[in-house]
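This report concerns only the one structure given below.
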Amino acid sequence: MPRLDRIHHMDMFGLMKSFLGAAQLFSYTMHQRRKNPISPAVASGRGDDSHPQLQNGRTSHHTRRPTSSSSFTLILLLLFSVFLFLEFIAYRVLNDTNSSVDQTDHVHQSTPAASPPTKRPTTSTLSRSSFEPTNKDKGWRVKAARRASHENSYFWRTHEPDEVPPLPPSTDPSTGEELPPVVAYVTTLTKCAPKHKGPLDGAAVLMHSIRRNSYGWTPMQQNGDEKWPKYGGQGGRYRYRAYVIVDPEASPLNPSRSGECARALQKLGYIVLHRAPLVPLFEITDEFHPDMTKTEGASEFFIEYRNKGYVGQQRPIEGPLSRPPTENPDKLKLMMNNDGCCGYTETLKLHVYGLIEHELAVHLDFDSLILRPMDDLFDAMLGKSDGHNNIPIAKGPKTKTPDFTKPIDAAFTRDYNSVNKPSLDAPVGYQGGFLVVRPSLEVLERYRTVLKEGAFLLNPRKGWGGKHGGYYGDLTFQGLLPYYYEEVSPSEEHNAIELDRCIYNQMADNPRKSTYKFPRATPLDPEKMGFKDTDVCRDGRKDCSDTDCQRVLPSESLTTHFTFCKKPWDCSDGLPGTVADETCKGLLSEWFAVRKELEDWWLSGHAEGQPSYSLDATIVKVHQQREGELEKDRYLGYCNEVGSGGYRRMVEPDTSA
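When you number the sequence shown by numbering that gives the first Met the number 0, it's gap-free, plus one each residue, and the end is 656.
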């Protein structure tokens with residue numbers, strides 16, 4: 000396979016030859032035109048161009064020395080030389096000549112797929128993954144990343160992180176009865192663009208799924224109505240509060256469209272918490288703002304934040320975790336900036352540990368749904384019950400038995416789908432869309448230290464501490480979590496639990512590798528699609544049939560995460576993967592049923608203190624949005640055609656929470 004750097008040099012050589020040839024041709028043409036000029040008459044379509052122009056009765060041949068054309072050629076060559084020099088400098092900045100990039104997997108199928116195969120991320124520890132910049136990413140990308148980091152930091156020069164509002168009383172004011180704890184449900188918003196309109200509906204439905212499975216909810220379901228949600232909706236034993244951690248780029252303080260998403264979430268009842276990364280990605284300097292290092296006019300938070308360091312500042316100088324001398328100092332930072340779905344801003348999820356006002360905090364992505372209460376898990380994590388018999392634990396090779404005699408610090412699921420070469424000891428990341436923790440500022444500070452150390456081995460890509468890497472999202476959230484809980488956290492404190500991923504954070508994923516490479520699943524009708532399962536289990540075991548989430552129905556799961564099943568707002572009709580199987584159909588149907596219940600609640604007039612539909616024109620629009628014709632039994636009229644363009648969005652409520 001050809002190396003990208005060789006291809007790059009070959010392309011540059013060919014470009015240089017073409018450029019020189021064009022310059023010579025242009026110079027020759029200009030010389031000939033000056034040697035035999037065209038008369039004005041000929042140029043305007045008059046006269047005969049076979050005779051030289053007569054001036055004062057004489058033949059005038061304007062013959063000039065080719066000095067100007069030669070000078071022009073020299074100028075072009077000089078400019079091109081400068082271009083080559085800058086290209087070479089930018090190329091050397093990344094110091095990336097020892098890596099290779101895998102090619103896109105070739106997928107063969109007997110029946111054309113409903114969508115073309117997607118380029119599959121490379122996760123080999125011996126090569127560069129797609130999350131690391133290619134050789135075409137020049138030095139300007141480093142500067143762009145540095146500028147973005149500085150702009151983020153500059154926001155905090157005049158702002159402070161939002162304080163968590165006081166929690167509601169712990170006892171009922173009228174009866175004096177003790178009320179259950181308030182669980183923090185947290186999600187993260189880093190950007191706002193037109194493509195994020197679907198996830199905004201996801202945020203509304205997610206909050207309602209939390210509400211209907213929490214303390215204080217009055218069931219709405221009517222007997223015999225099949226259009227209502229099938230699962231949960233009977234309330235729960237814990238109260239809730241919803242937060243959204245916001246990056247400055249998506250702040251509701253922004254008057255432009257970039258602040259619209261956060262403002263919409265506020266209207267739904269989410270409490271916005273502005274948060275900065277635990278440490279800046281790049282050192283804070285005066286490169287882009289001359290007052291960045293000045294104390295005058297700076298907030299107290301910014302002064303402290305600036306002094307806390309930056310990613311990789313405290314990396315060991317010697318030893319196995321030190322940065323190789325051939326590795327550019329900015330390489331890790333640039334790769335973290337491009338990592339996974341959201342780059343370095345993915346680490347904002349770590350602020351879930353900072354919500355110490357709450358006994359428990361849950362982080363979920365917008366494309367998640369609570370099917371039934373997680374009360375048993377909450378009880379076990381707070382030490383209120385023995386979870387031996389009622390907490391479904393994972394069955395993977397890395398699963399450790401938790402100590403249920405004391406509180407549990409964290410609960411998570413692993414993402415075996417991102418394992419590149421399955422084996423019993425292969426590194427496995429934690430799934431980034433689900434995490435339950437007991438908040439702790441001490442834990443948060445340890446994560447800050449981890450980022451400042453920046454001990455991530457890149458070549459070969461062995462990851463954090465040389466043990467946790469080589470998979471999707473390994474540089475940020477999905478790699479930091481296992482590194483902390485398996486390497487950094489003191490053994491006497493470490494009491495985390497790996498949950499059964501078919502019950503919690505259910506994604507309907509395939510436990511085995513498939514001939515269909517991306518998404519990583521095999522349809523339950525492989526003969527039709529032309530794909531098949533292999534005998535290789537993604538967790539390295541010989542038999543993984545006890546973790547086949549494709550065949551675990553929604554009636555058995557507690558929470559779901561729409562990844563392989565596609566997003567509800569994609570209005571899919573059976574794309575390759577698992578979206579066509581009964582599990583995904585059931586999960587998608589439930590999401591749309593919860594959406595309908597939410598809208599009906601807002602229409603009912605009983606949503607006291609919550610958003611509502613009250614204007615006649617709005618009510619008409621709500622019902623019009625239910626007139627879609629695509630698979631009405633499943634999508635309940637909210638999809639008119641396949642694809643996100645066919646999705647019929649929720650109508651914005653007339654009143655706010």
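Ideal Cβ positions, reconstructed from N, Cα and C, are used throughout, including at glycine.
Of the residues the options, the one placed nearest residue i, counting alpha carbons only
i	options	result
Ala507	Ser544, Tyr484, Val551 and Glu485	Val551
Ile355	Lys348, Ser439 and His273	Ser439
Phe563	Leu557, Ser554, Thr582 and Phe433	Thr582
Pro165	Glu345, Thr174, Phe154 and Val181	Val181
Arg648	Leu602, Arg211, Phe591 and Ser603	Phe591
His149	Gly215, Arg211, Pro279 and Arg210	Pro279
Tyr483	Tyr471, His467, Glu497 and Leu498	His467
Tyr239	Ser173, Tyr184 and Gly339	Tyr184
Cys501	Val621, Pro510 and Asn494	Pro510
Gln312	Ile302, Asp547, Leu331 and Phe365	Leu331
Thr189	Leu347, Lys620, Ser490 and Asp615	Leu347
Ser571	Asp542, Ser321, Glu630 and Trp463	Glu630
Asn336	Ala143, His622 and Pro254	Ala143
Ser488	Lys196, Asn504 and Thr448	Thr448
Lys461	Arg437, Pro319, Ser490 and Asn327	Pro319
Rounded straight-line distance, which links the Cα of residue j to that of residue i
i	j	result
Glu598	Gly234	18 Å
Glu162	Leu272	7 Å
Thr122	Cys536	Residue confidence is low: Thr122 scores 35 on pLDDT, short of 50, so the model does not pin down where it sits. No coordinate-derived value is stated.
Leu480	Asp402	19 Å
Ser243	Ser422	Residue identity differs from the one stated: residue 243 is Val in this sequence, not Ser. Roughly 37 Å separates the two Cα atoms.
Gly636	Gln430	32 Å
Lys658	Leu434	The requested residue 658 is not part of the displayed model; the chain covers only 0 to 656.
Ile369	Pro553	11 Å
Asp538	Glu485	17 Å
Glu358	Tyr343	27 Å
Arg146	Leu75	32 Å
Val204	Ser173	31 Å
Thr294	Ile302	7 Å
Gly353	Ala275	12 Å
Leu443	Val436	11 Å
Close beta carbons around residue i, own chain, < 8 Å, minus the five adjacent residues each side
i	result
Leu266	Reading the sequence as shown, one finds Lys at residue 266 and not Leu. Around Lys266: Pro610, Glu651, Pro652, Ser655 and Ala656.
Thr546	Ala393, Lys394, Gly395, Asp499, Arg500, Cys501, Pro510 and Asp538
Glu492	Asp408
Gly231	Ser208, Arg211, Asn212, Ile369, Leu370, Arg371 and Pro372
Same chain only: Cβ atoms within 6 Å of residue i, ignoring 5 sequence neighbours per side
i	result
Asp569	Ser643
Ile283	Ser152, Met291 and Arg305
Ala263	Leu199
Gln477	Gly428, Tyr429 and Gly431
Tyr269	Ala241 and Val243
Arg322	Arg314
Proximal residues to residue i (C-beta, below 7 Å), its chain only, five neighbours per side dropped
i	result
Pro374	In the sequence on display, residue 374 carries Asp and not Pro. Excluding sequence neighbours, Asp374 sits near Gly235, Arg236 and Tyr237.
Trp601	Pro610, Ser611, Tyr612 and Pro652
Ile392	Thr398, Ile496, Glu497, Leu498 and Asp499
Asn639	Gly627, Glu628, Leu629, Gly645 and Arg647
Gly585	Leu552 and Pro553
Ser417	Thr122, Gly428, Tyr470 and Tyr471
Enclosing beta strand (DSSP E) for residue i [first to last residue]
i	result
Val351	Note, Val351: premise wrong, no beta strand (DSSP E); not H, not E.
Asp538	Segment: none, Asp538 is in no beta strand (DSSP E) and carries neither H nor E.
His362	Ala360 to Leu363
Gly215	Segment: none, Gly215 is in no beta strand (DSSP E) and carries neither H nor E.
Val650	Counting along the chain, Val650 falls outside any beta strand (DSSP E), and DSSP gives it neither H nor E.
Val641	Run containing Val641: none; DSSP gives neither H nor E here.
Asp414	Ala409 to Asp414
Leu368	Ser367 to Ile369
Tyr657	It is not possible to answer for residue 657, since the shown part of the chain is limited to 0 through 656.
Glu497	Ala495 to Glu497
Beta-ladder partner(s) of residue i, from DSSP
i	result
Ala202	Ala202 pairs with nothing; no bridge assigned.
His273	Val245
Gln477	Paired residue(s): none; Gln477 is not in a bridge.
Ser513	Asp532
Val182	Tyr239
Ile74	Looking at the DSSP assignment, Ile74 forms no beta bridge with any residue, so it has no partner.
Gly428	Asp414
Unbroken alpha helix (DSSP H) run spanning residue i, endpoints
i	result
Glu259	Glu259 to Leu267
Leu552	Looking at the DSSP string, Leu552 is not in any alpha helix (DSSP H), and its letter there is neither H nor E.
Gln623	Asp615 to Gln623
Glu581	Glu581 to Ser603
Leu333	Lys330 to Asn336
Leu440	Leu440 to Glu452
Tyr634	Lys631 to Tyr634
Leu376	Asp374 to Met380
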